[in-house]
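First the structure, in the form of structure tokens, and then the observations on it.
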Ligand SMILES: [Zn+2]
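Numbering (UniProt numbering), first residue to last: 1 to 61.
So, in structure tokens, the structure goes:
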């Protein structure tokens with residue numbers, strides 16, 4: 001995914017920064033513990049499409 005795009009993307013809920021998890025193709029919001037999917041290289045920034053992180057799931061820095 002484009003790094004520039006990543007820089008301007010924020011969480012739609014808290015407007016916080018996102019962590020790009022490359023292997024899973026997800027964007028993680030640490031504050032909300034949500035993972036937004038990246039489909040065909042396009043981040044889907046919808047709360048309805050986001051996955052809730054498992055409590056034990058480690059969030060990359
Ligand atoms: Zn958030």
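In this text, a Cβ means the ideal position worked out from N, Cα and C, and glycines have one as well.
Cβ distance (whole Å) where residue i is taken to contact residue j below 8 Å
i, j, result
"residue 52", "residue 34", "6 Å"
"residue 32", "residue 13", "5 Å"
Residue i Cβ short of 7 Å to ligand 1 heavy atom set
i, result
"residue 32", "yes"
"residue 41", "no"
"residue 53", "no"
"residue 65", "This structure leaves residue 65 out entirely; the chain is present only between 1 and 61."
"residue 9", "no"
Of the residues the options, the one placed nearest residue i, counting alpha carbons only
i, options, result
"residue 17", "5, 24, 23", "5"
"residue 54", "41, 22, 15, 28", "28"
"residue 11", "40, 48, 24, 41", "48"
Three-state secondary structure (DSSP) of residue i
i, result
"residue 47", "helix"
"residue 42", "strand"
"residue 52", "strand"
- If you scan the segment 1 to 39 from start to end, which runs of the beta strand (DSSP E) of 3 or more residues do you find wholly inside it? 19 to 21, 26 to 29, 34 to 39
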